[in-house]
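Number of protein chains: 8
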Amino acid sequence: MNESSLRALLDAVRDGTVTAEQAFVQLHDLPYQNLGYARIDHHRSLRKGLPEVVFCERKTPEQAANIFEQIAAREERAMGTRAAPAHAQAICERVPQAQYHPLSRVIVFDGREPSAQSGHPGVVVASGGTADIPVAEEAALTAGFSGCQVTTLYDVGVAGLHRLLDQAEVLSTASVIIAVAGMEGALPGVIAGLVPCPVIAVPTSIGYGTGLGGVAALMNMLNACAPGIAVVNIDNGFGAGYLAALIARKAEQLA
Amino acid sequence: MNESSLRALLDAVRDGTVTAEQAFVQLHDLPYQNLGYARIDHHRSLRKGLPEVVFCERKTPEQAANIFEQIAAREERAMGTRAAPAHAQAICERVPQAQYHPLSRVIVFDGREPSAQSGHPGVVVASGGTADIPVAEEAALTAGFSGCQVTTLYDVGVAGLHRLLDQAEVLSTASVIIAVAGMEGALPGVIAGLVPCPVIAVPTSIGYGTGLGGVAALMNMLNACAPGIAVVNIDNGFGAGYLAALIARKAEQLA
Amino acid sequence: MNESSLRALLDAVRDGTVTAEQAFVQLHDLPYQNLGYARIDHHRSLRKGLPEVVFCERKTPEQAANIFEQIAAREERAMGTRAAPAHAQAICERVPQAQYHPLSRVIVFDGREPSAQSGHPGVVVASGGTADIPVAEEAALTAGFSGCQVTTLYDVGVAGLHRLLDQAEVLSTASVIIAVAGMEGALPGVIAGLVPCPVIAVPTSIGYGTGLGGVAALMNMLNACAPGIAVVNIDNGFGAGYLAALIARKAEQLA
Amino acid sequence: MNESSLRALLDAVRDGTVTAEQAFVQLHDLPYQNLGYARIDHHRSLRKGLPEVVFCERKTPEQAANIFEQIAAREERAMGTRAAPAHAQAICERVPQAQYHPLSRVIVFDGREPSAQSGHPGVVVASGGTADIPVAEEAALTAGFSGCQVTTLYDVGVAGLHRLLDQAEVLSTASVIIAVAGMEGALPGVIAGLVPCPVIAVPTSIGYGTGLGGVAALMNMLNACAPGIAVVNIDNGFGAGYLAALIARKAEQLA
Amino acid sequence: MNESSLRALLDAVRDGTVTAEQAFVQLHDLPYQNLGYARIDHHRSLRKGLPEVVFCERKTPEQAANIFEQIAAREERAMGTRAAPAHAQAICERVPQAQYHPLSRVIVFDGREPSAQSGHPGVVVASGGTADIPVAEEAALTAGFSGCQVTTLYDVGVAGLHRLLDQAEVLSTASVIIAVAGMEGALPGVIAGLVPCPVIAVPTSIGYGTGLGGVAALMNMLNACAPGIAVVNIDNGFGAGYLAALIARKAEQLA
Amino acid sequence: MNESSLRALLDAVRDGTVTAEQAFVQLHDLPYQNLGYARIDHHRSLRKGLPEVVFCERKTPEQAANIFEQIAAREERAMGTRAAPAHAQAICERVPQAQYHPLSRVIVFDGREPSAQSGHPGVVVASGGTADIPVAEEAALTAGFSGCQVTTLYDVGVAGLHRLLDQAEVLSTASVIIAVAGMEGALPGVIAGLVPCPVIAVPTSIGYGTGLGGVAALMNMLNACAPGIAVVNIDNGFGAGYLAALIARKAEQLA
Amino acid sequence: MNESSLRALLDAVRDGTVTAEQAFVQLHDLPYQNLGYARIDHHRSLRKGLPEVVFCERKTPEQAANIFEQIAAREERAMGTRAAPAHAQAICERVPQAQYHPLSRVIVFDGREPSAQSGHPGVVVASGGTADIPVAEEAALTAGFSGCQVTTLYDVGVAGLHRLLDQAEVLSTASVIIAVAGMEGALPGVIAGLVPCPVIAVPTSIGYGTGLGGVAALMNMLNACAPGIAVVNIDNGFGAGYLAALIARKAEQLA
Amino acid sequence: MNESSLRALLDAVRDGTVTAEQAFVQLHDLPYQNLGYARIDHHRSLRKGLPEVVFCERKTPEQAANIFEQIAAREERAMGTRAAPAHAQAICERVPQAQYHPLSRVIVFDGREPSAQSGHPGVVVASGGTADIPVAEEAALTAGFSGCQVTTLYDVGVAGLHRLLDQAEVLSTASVIIAVAGMEGALPGVIAGLVPCPVIAVPTSIGYGTGLGGVAALMNMLNACAPGIAVVNIDNGFGAGYLAALIARKAEQLA
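Residue numbers (the working numbering), protein chains in the order written: chain A, 1 to 255; chain B, 1 to 255; chain C, 1 to 255; chain D, 1 to 255; chain E, 1 to 255; chain F, 1 to 255; chain G, 1 to 255; chain H, 1 to 255.
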């Protein structure tokens, strides 16, 4: 339940088209819905403007599907991340229109009018290498689900700098750039040296040895000399996409 | 030299009020100015919309003052961070209007018209404890230098949650929130659970033992469950303030 | 053998209902029983008031079942943790009344009179997320085995703070609270800011990237600003449940 | 302001001995008092049964003294930890009865009737070595301030086990034991193997090389085989003393 | 080839029972034998008094078997560690008398006269828990192979200290004690506080969470307060057994 | 496309034997070729003198084979590292002459004239143990692909120093030595103490316990007392071979 | 009080030359002597054959001097380590014959007959560099105090291997070798490859950067390929010297 | 003593201009010279082509000066690194022509003919920032002492990429590039993406927070995607300069 649907419900009670009792049933779970093993935060949509997203890892397929279904029922849209095929199958049995992206392990359902889905422009997702694409796709799908139009630039790492400089125009007109990189993770710092917009850095666990599962890339990004960068957890494409959407939306709201 | 001053110079050449030779002298150092021990990036103002900021630590007072003076001469404003009193003294001898903030070790000069300094609204800086204030002030001064209006909320850490919840209105209307915290660093995650705007998390080195000079706080912030957070380096108030300004400015530009 | 059964045995010898020889056989293994690969600490029940609990991991099913059976024979109750299905099967062949909990990998047998099982009130187990439940259940089962009545509150993490604040009454009347959380692990610190009782913090290995298998949550908990917290090892639900029982029992004894 | 003083105030308003306006002035700062650089949590005494304690490190002497004075005025008692001599001097100028303990850097004021200070019995503080005494004293003073009677056993580390076993009687009758140790930190685990009460383990930064400033001791304590232990941050004598008081008080309340 | 077999060969050449050419063939590989993928150090037996031991891990079964066979041929005995069943099978095909110990993954062949195998007395191997036995057995087998008589004491960890104190006599008469422990690893330090002989500490990877695969135990042992301890790598039973044999042999040589 | 093939193409356009349009097709992808999931850096051959090498790990077999084929088509040679059998199979279907080395997971194709393949002399690859050979082979194959003649010395680790000293002549005449070692990683430092040429140190992940997957070896090498060493990432045989070729080539160019 | 002095006292009681009361006074403190801040372990001399050694760091000069004096009075000898000049001065005021070694911060008193001081032969102390000498001296002085004759070999690190090989004879005849090294710490492993006796490795904190205060050297030593090594804490010359004496004494006892 | 001076001496003995006895005195210390606290490796000049360099840190000024003087006497040149002013003063008293560089803490003496000092061309030293210059200077001075001509490029870090790209010509013609950088340490990877020569990466300890004293930069460099890089220890300008000289010399020798 988001702001507009809450207002519509209250107007309907005032107008008598919905009884108080009917409204009570819908509002009863507003703060959260207790499934015993989970308390779904249906109030989040009001607080944050976006519904809760289901982190599927370490949940059973049944748990994930139940939660996904409850959110979809109240929000007209729902999203799950780190969904294994078993999660996806269980979800699709309950919400058949949900669409699964196996590479990024994201599953999305959006039952709203297409017009409601049209998004904020200006989110760019860049990846350093081919192996970083699954994380980059998680970021892109999250930003899309959150109402943004996304441009992707893959394999533009600093080992061949001309591949990045070649995209200067796309970069310079972005509202916010998500830069995804493993190994040494130098991409976000180099991009931030070139552009005037916020850069969200996503370290990935791609690499070996002293890469330490993404820690080397993370440390690079936190220590970048170029200002205008902030960093999310290793492989956290979801967090980057969500934050990018908040930034892009803020811009839009003021426009 | 920023966009408007560059345009003004070129117009003047076209109109004959400035000779090509005079313009050449001014433009000669545009890409960067080589002092031998430093190459000042005068082009940054055009690329990023904000001039280079001088990181004074491990520079000699003379080096810092020289660089500060060159930037001030071309940009009408300049800022230094991590400035020891000796740096501040050397800078003030050359740029007497510069103002030094000893707690946060920031030094600022802004020679522009007051109207040019008026800023983007909506930046909130919150600190978990009293000891985090120097870093929070660095963030606030940087955002202010970068053209933002800043509200500060100090000592609102989660050990007494009502102190934070009491400020719900200020938090809910912010464009972007900088949350500064040491020890366990829980503040940004709790704030992000409450608000619909981007949260920039700044871990501080306040604490002892397993705090590991801010690493505990950093790890907390990177692993926060609430979405909409990104993190900068430990004690990097400057980076947070700069990024907040980019976000706030972006919003303003579209408005 | 616990205090009361030891006293009963000695009384029986005095009264002649048990011969000295018969008593000798029972008392021979009192300090410990040497199985070659293990020395079962039967004296622990006298020292600590609770029998030794079998840590099954890295023991063969035969070893685990042997030890479990010996304890059950002398104590009328026994418990195993980190029991794989193979351990559980081997144990149930020897102690058929033992009950296996696969989610938390705990196996329990209690052959005492129900009245002897009635417990100390006031232990609350709270978990941050759904994925933390296995560890929380290990804590709850251990506290129950150790003679406590346990209330559980699952998925009350700080990303939706109202879910926790909604349970303020349960929290405020607890004797001791076990707070289980992965990811950034902020739950125990926030609870400790609200309640007047001891809080035992259990970090879990839930998370990814810089979560470092629970180290981020652990560091958060060790650095919590709110006083009244202590921490056990990552995923150590057993240790938390056992300690909670010691605290609750101490309270009861004085009553 | 604690529970009894709040009730007394409300009774006085009811009885007309205090005007509503006078009560308003006293209650105005109840939730917290905003000094700008600090928000003193005067409500904590109601929530936790103990007033806020001032962590002096990285506060200026003036800040620390101001906060200490405000708490003392409302609570009739106050305590500061990690107080340098300069902090102590500033505090004593405002609260002359405050008593400074330089070894443990604790400063305490208790203006209540002696009868109100009489404490819960059964807290034992044991240290592994002579060098651990400052941290042990911080724990003992905190527990004393929190209303407990404390017994200390210093230099009973495991290198000479008979020194510890010699104290078996004191250990076995404790309500709660605080075990403080640096170097390898084995003391708490050995004690927990012997006693039936909760053990709070405090690692200290005493040691060198791979001691890593207390991390070795901390890891030992978190991994102790003997159940019934929980751990606080390195050198956090305050946290251990506070938690011990909560445990001892709980026992007392039920008695 | 060891000292006595070398002397015998040279005597035989002097006496004419072996031709110089025949001796050349035998001595040709004395410094080392180059198999291309390995250079077997046949000279080690002369330098160190014990033949090279084959570390099987990450070698192919064929490589391991080849090397084992070559050593056995020249030394009348051979030993392999970390041997998977496939390694053992390949070795036994070539050296059928070799004996495989699957728990400790050790494989041993000794073709010498029984009298030559009789060993130095006084090596004691103690383990903290049942799960540490595989590493303890590797140590015991290595010391046995190196010519020592070994006594084992398993599951005598500090959680039930009386199990260890009960063995005081065995401990006090040892020439050297190998103490094997995982989890918090406190056993070696407690033993070293009791006995007058050298203690070799072996941390094991048994444990979880902050045990960090044996690092917690290692750090405990390196920081032990009781003097007379030195430490080998995590799970390195071989290294401990070998060193114990050197110490016991040295004692014997002087006797 | 390398320097000579580019010059040949331009000459052909000048001479009219290739039309401008034909040249355009060939030059169109010169800076890089965008496959969507990868941007192949065909310009690298001009910049670095060697074509891009395909890092196969975490690429799909199809992606790896596509990229390999495109490089082979333009460069007459191609190489892939960390190629699983599935990668190798997919590549060989498209470039049948490619040769797969399963031990080192390297795949190589060189379609140039044998004379063009003749190499720079003087690269020596030494390994500490048998288990380090896969990494050493990756280094040797890379140096060979990059145009060098390579000598290998395996199992010359410092536990039997005479095996290394025996090869003094080979070592002393090398142009550059690649020293590959796991466990404690002492080999490169000892070699650098003996020879007058650059030493490239490659730590491997061979070992256990505190070896930490190669970190112990890496730290040894970075801290070596003997000058003339530099280090590459753990298990990075490719990087060492490539760098050795640059050094050997530089020498050759000047000759 | 050691074994012989205890026997003499008991004989004197039996013979009537000492009254039981006089003996009681001497024996009263036998298990330990409680100074409040310290419990001196006078029983250690009986258990371990050597008196307790005073670790002065973090003790006040008065505490250190008091403890030193009490041990000297009962044992006719005493030793302190990590003694700052202030410790040494306070000790010498009470035990004027004590001798201070400022480089290694060791202070020693031996009031026994010279014949009682004659030692076990065969302890060799080798250091990698000049900067490691203070730690090496602590080891040598400890072994000397513990009754050994010590040979020192300084600056024989592996960067110039011939300096070490030149001392082959001294090394080959040692009973036990203490090898002290910082930086990469390769010395003990190389020595253990050459000699047939136990090697005690002492990492030092000499170095910089990734030396991490001795951790790099420690890791090297724990992972050494050559068998026959065990390791003590960083900079723990005392522990190495003490252990060497135990080994050498054991040999002597059997002789 | 280097190759040519050794040959000259032997020729002189042959020709009778130097007596065998005179030669003996000079050759006596050839392998090394034992000062007790140091064994100067005079043979190194023959082995490595460059004399031993004195690492002054943790040596007393007298020790450093003695060693410096002995090397200077035999080699006609000498160099010290990490020399504090006290070291420099002591050295200059003995070798007055030595020249001290306080910024980089290097001291150099070269008494050879200018022609003998002429160097190998092509070494470029680049630094990311102004604060990295002391380390860069240590590298440049070492390479110069080792016989190279050095070009320096300071403050060309990736935050303003055009400052680096502007120097493309200098970079592309180098024989070997030393890239010095702190903070995130991205400079070497970006340079290696552009140039065809070997790149030696030097991380510096410049930075704060997660920079961890240079570890972040080190990890970046070890994980760089661009091939052709190897890394030395943090702040090890000496090691980089020495290695660069070996590479440049090798090239020269072959020319």
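Note that beta-carbon positions come from the ideal geometry of N, C-alpha and C, so glycine has one too. Predicted model, so just to flag it, every value in this text is computed and none were measured.
8 Å contact criterion, which residue i and residue j should meet: CB distance rounded
i	j	result
glycine 228/A	valine 199/A	6 Å
lysine 48/F	proline 196/H	5 Å
leucine 164/C	valine 170/C	That belief does not hold up - the Cβ atoms of leucine 164/C and valine 170/C are roughly 10 Å apart, past 8 Å.
serine 104/A	alanine 181/A	Incorrect: roughly 16 Å between the Cβ atoms, too far for contact.
Min CB distance residue i to chain E below 9 Å
i	result
alanine 131/F	yes
tyrosine 279/G	Because chain G spans 1 through 255 in this model, residue 279/G falls outside it and cannot be assessed.
Min CB distance residue i to chain B below 9 Å
i	result
lysine 59/A	no
proline 85/D	no
Which residues DSSP lists as bridging residue i, in chain order
i	result
cysteine 56/D	Cysteine 56/D is not bridged to any residue.
threonine 151/B	Val124/B
histidine 101/E	Val106/E
methionine 79/G	Val108/G
Burial state of residue i (16 or more Cβ within 10 Å)
i	result
valine 190/E	buried
alanine 73/C	exposed
serine 205/B	buried
Whether residue i touches residue j by CB criterion (9 Å)
i	j	result
leucine 243/C	alanine 230/D	yes
proline 96/D	glutamate 75/D	no
phenylalanine 145/C	methionine 221/C	no
Residue-chain proximity (residue i, chain A), Cβ-Cβ < 9 Å
i	result
proline 211/H	Before going on, a small fix: residue 211/H reads as glycine here, not proline. Answer yes: the Cβ-Cβ gap between glycine 211/H and chain A drops below 9 Å somewhere.
Contact test: residue i Cβ vs the ligand COA heavy atom, cutoff 8 Å
i	result
histidine 43/C	Among the ligands in the structure shown, none appear at all, so the ligand COA cannot be discussed.
Chain G within 9 Å of residue i, Cβ atoms only
i	result
phenylalanine 55/H	yes
valine 156/D	yes
Cβ of residue i within 9 Å of any chain C Cβ
i	result
glycine 237/E	no
Under 7 Å (Cβ pairs) to chain J, residues found in the segment 174–202 of chain D: This model lacks chain J altogether; the protein chains it does include are A, B, C, D, E, F, G and H.
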